[in-house]
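Below you'll find the structure, written out as structure tokens, and then a few comments.
There are 2 protein chains.
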Amino acid sequence: MTLIEKFWESVPTAWFRTRARIRHTAAEQFGLTVEQFQVLRRIRHGIDSVSAIAADKNASRPAVSAAVDGLVTRGLVARQTDEQDRRHIHLTLTTPAGQTALSAIYEQTDAWLAQRLTTLTPVEQEQLQTGLELLKKIMEISEQ
Amino acid sequence: MTLIEKFWESVPTAWFRTRARIRHTAAEQFGLTVEQFQVLRRIRHGIDSVSAIAADKNASRPAVSAAVDGLVTRGLVARQTDEQDRRHIHLTLTTPAGQTALSAIYEQTDAWLAQRLTTLTPVEQEQLQTGLELLKKIMEISEQ
DNA sequence: AAGAAAGGTTAACTTATCTAACTATTCTAT
DNA sequence: ATAGAATAGTTAGATAAGTTAACCTTTCTT
Chain H
51 MTLIEKFWES
61 VPTAWFRTRA
71 RIRHTAAEQF
81 GLTVEQFQVL
91 RRIRHGIDSV
101 SAIAADKNAS
111 RPAVSAAVDG
121 LVTRGLVARQ
131 TDEQDRRHIH
141 LTLTTPAGQT
151 ALSAIYEQTD
161 AWLAQRLTTL
171 TPVEQEQLQT
181 GLELLKKIME
191 ISEQ
Chain C
51 MTLIEKFWES
61 VPTAWFRTRA
71 RIRHTAAEQF
81 GLTVEQFQVL
91 RRIRHGIDSV
101 SAIAADKNAS
111 RPAVSAAVDG
121 LVTRGLVARQ
131 TDEQDRRHIH
141 LTLTTPAGQT
151 ALSAIYEQTD
161 AWLAQRLTTL
171 TPVEQEQLQT
181 GLELLKKIME
191 ISEQ
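Chains as they are written, first to last, in this note's numbering: chain H, 51 to 194; chain C, 51 to 194.
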């Protein structure tokens, strides 16, 4: 069993299961799409423009723009034009109400993940963390 | 930085980049969708029914059924009713021509992955492998 | 001041998916 | 034996996810 095969067995599956869980909480309970949730996560992390989010998540700008539209419509995010450079539009989380909903989604999704992670021993958790760091590292290499 | 955050930073990104690469090779060069490629991979691994593939990839049966349709239309896969239990339909890879195309897609996608993996030291590769095994393990836990 | 570059949106289209409902076949338990 | 449950798969109808191409604005470059 090669490393490549391990990759195929683990990474896509991990994402599909996670996405299904996000759909379960974010979508059913809060009316957000998985896309919107992913964008929200990034805005919360300070990635605050459509272009930056698109680059970070390997998606097209229009796809991110559409997700932002939905978030703005739901009152969770606000667009603010940068007065220094009027091409930029900063995205920010808005109302306390919106933040509360967001926290609830986080809690539920992260609890689902945490529940799985705690089945591992502390040593295994460290090994997983190391593995994920390496996974992130090799995926940051740009196309030649 | 918690393990959960590491997960969010690595797994979705890894999948999105990989999917973009599949699209680049499988889609542009061979007229296959990413979905069809994923189904093909599983058939090649001996997962040979719509239900089994759907379970393995956490997708609905209709979604898999639709992908199989496309593969059958392209002459890459054949449906064969099981005579012992006529509810089952076995999926098999067909013609040498189809197999050749499949091998080409594999080679290109795996080469892309391999190129990234070889930037890691042998020790790091082992650490990544351990991490991916743990990732797979925690994702196999069924919902309560 | 012209042209390139960057940020964002719109439009049109394709792919990816889901749930619900249906057909056909087989299993189960009386 | 047979009614009802369960399993495998497909169809139908919907929505979500995501692309490329083209366009507007604003800023940078020279």
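Don't be surprised by glycine CBs; every beta carbon is placed ideally from N, CA and C.
So, under 8 Å CB-CB, H/T159 and C/G181 are touching, yes? Tell me the CB distance rounded to an integer number of Å.
As a working mapping, residue 159 of chain H is identified with position 109 in the first sequence. As a working mapping, residue 181 of chain C is identified with position 131 in the second sequence. In fact, because the Cβ distance is near 21 Å, the residues do not count as touching under 8 Å.
Using a Cβ-Cβ cut-off of less than 8 Å, list which residues of the stretch 55-88 of chain C approach chain H; keep chain order.
K56, F57, W58, E59, S60, V61, P62, T63, A64, W65, F66, R67, T68, A70, Q88
Counting only beta-carbon separations shorter than 9 Å, does H/A164 have a partner in chain C?
Translated into the one-based positions of the first sequence, residue 164 of chain H becomes position 114. So yes, H/A164 belongs to the interface.
DSSP three-state call for H/R195: helix, strand or coil?
Nothing can be reported for residue 195 of chain H: it is not among the residues displayed for chain H, which extend from 51 to 194.
Closer than 9 Å to chain H by CB, C/L182
Taking the first residue of the second sequence as 1, we reach residue 182 of chain C at position 132. Yes, C/L182 lies at the interface with chain H (some Cβ there is under 9 Å from its Cβ).
Close Cβ partners of H/V122 (< 8 Å) along its chain, the five nearest in sequence each way excluded
Taking the first residue of the first sequence as position 1, residue 122 of chain H is located at position 72. Closer than 8 Å at Cβ, skipping near neighbours: A128, R129.
At the 9 Å Cβ level, is H/L178 part of the contact set with chain C, yes or no?
Locating residue 178 of chain H in the first sequence gives position 128, where the first residue counts as 1. Interface residue, yes.
From this set, H/S101, H/R166, H/A164, which residue's C-alpha is nearest H/R137's C-alpha?
Working through the first sequence from its first residue, we reach residue 137 of chain H at position 87. H/R137 has its Cα closest to that of H/S101, out of H/S101, H/R166, H/A164.
Is the CB-CB distance between H/V114 and H/K107 below 9 Å?
Stepping through the first sequence from its first residue, residue 114 of chain H is reached at position 64. Stepping through the first sequence from its first residue, residue 107 of chain H is reached at position 57. Going by C-beta atoms, H/V114 is nearer than 9 Å to H/K107.
May I ask you to list the residues that DSSP assigns as paired with C/R129?
By one-based count along the second sequence, residue 129 of chain C stands at place 79. Answer is C/L141, bridged to C/R129.
With a threshold of 6 Å on Cβ separation, who are the neighbours of C/L82 within its own chain once the five nearest residues in sequence on each side are excluded?
Here residue 82 of chain C refers to the residue found at position 32 of the second sequence. So the qualifying residues of the chain are A76.
Within its chain, find whatever has a CB closer than 8 Å to the CB of H/Q175; leave out the 5 residues flanking it on each side and keep chain order.
Your numbering for residue 175 of chain H matches position 125 in the first sequence. Excluding sequence neighbours, H/Q175 sits near L167.
When you compare each of H/M189, H/T169, H/L170, H/L141 to C/L170 by their alpha carbons, which one comes out closest?
For the purposes of this step, residue 170 of chain C is identified with residue 120 of the second sequence, where counting begins at 1. For the residues H/M189, H/T169, H/L170, H/L141, the minimum Cα distance to C/L170 belongs to H/M189.
Among H/V89, H/I191, H/P62, H/M51, which has the Cα closest to the Cα of C/A109?
Within the second sequence, numbered from 1, the residue matching residue 109 of chain C stands at position 59. Comparing alpha carbon positions, the residue from H/V89, H/I191, H/P62, H/M51 closest to C/A109 is H/P62.
Which word fits C/R111, buried or exposed, when buried means at least 16 other C-beta atoms lie within 10 angstroms of its C-beta?
Translated into the one-based positions of the second sequence, residue 111 of chain C becomes position 61. So C/R111 ends up on the exposed side.
Run the CB neighbour count on C/A64, radius 10 Å, all protein chains shown included, and call it buried at 16 or more, exposed below.
The residue you call residue 64 of chain C lines up with position 14 of the second sequence. The residue is buried, with at least 16 neighbouring Cβ atoms inside 10 Å.
Residue ranges of each alpha helix (DSSP H) within the stretch 141-175 of chain H, 4 or longer
146-167
Going along chain C, which residues have a C-beta under 7 Å from H/I204?
Lying outside 51 to 194, the shown extent of chain H, residue 204 of chain H is not represented and no answer is given.
Got a sec: is the Cβ-Cβ distance from H/D135 to anything in chain C below 9 Å?
Counting from 1 along the first sequence, the entry for residue 135 of chain H is found at position 85. Output row for H/D135: interface = no.
So, is C/Q194 buried or exposed, given that buried needs 16 or more other C-beta atoms within 10 angstroms?
What you label residue 194 of chain C is simply residue 144 of the second sequence in a count that begins at 1. Legend: pLDDT at C/Q194 = 48, less than 50; position of this residue unreliable, value from coordinates given subsequently. With fewer than 16 other Cβ atoms within 10 Å, it is exposed.
Along chain H, which residues have their Cβ under 8 Å away from the Cβ of C/R91?
Within the second sequence, the letter at position 41 stands for residue 91 of chain C. Chain-ordered, the chain H residues with CB closer than 8 Å to the CB of C/R91 read W58.
Sub-9 Å separation of H/L141 and C/L184 beta-carbons
The sequence position of residue 141 of chain H within the first sequence is 91, counting from 1. The sequence position of residue 184 of chain C within the second sequence is 134, counting from 1. Result no, Cβ atoms of H/L141 and C/L184 do not sit closer than 9 Å.
As assigned by DSSP and simplified to three states, the class of H/F66
Numbered from 1 along the first sequence, position 16 holds the residue referred to as residue 66 of chain H. Helix, per DSSP.
Collapsed DSSP secondary structure at C/T123 in the structure displayed:
Locating residue 123 of chain C in the second sequence gives position 73, where the first residue counts as 1. DSSP places C/T123 in helix when its eight states are reduced to three.
How far does the alpha helix (DSSP H) with C/A102 in it reach, from first residue to last?
For the purposes of this step, residue 102 of chain C is taken as residue 52 along the second sequence, with counting starting at 1. Element bounds for C/A102: 100-106.
Listed from N- to C-terminal order along the chain, which residues in the stretch 144-162 of chain C have their beta-carbon within a distance smaller than 7 Å of any beta-carbon of chain H?
D160
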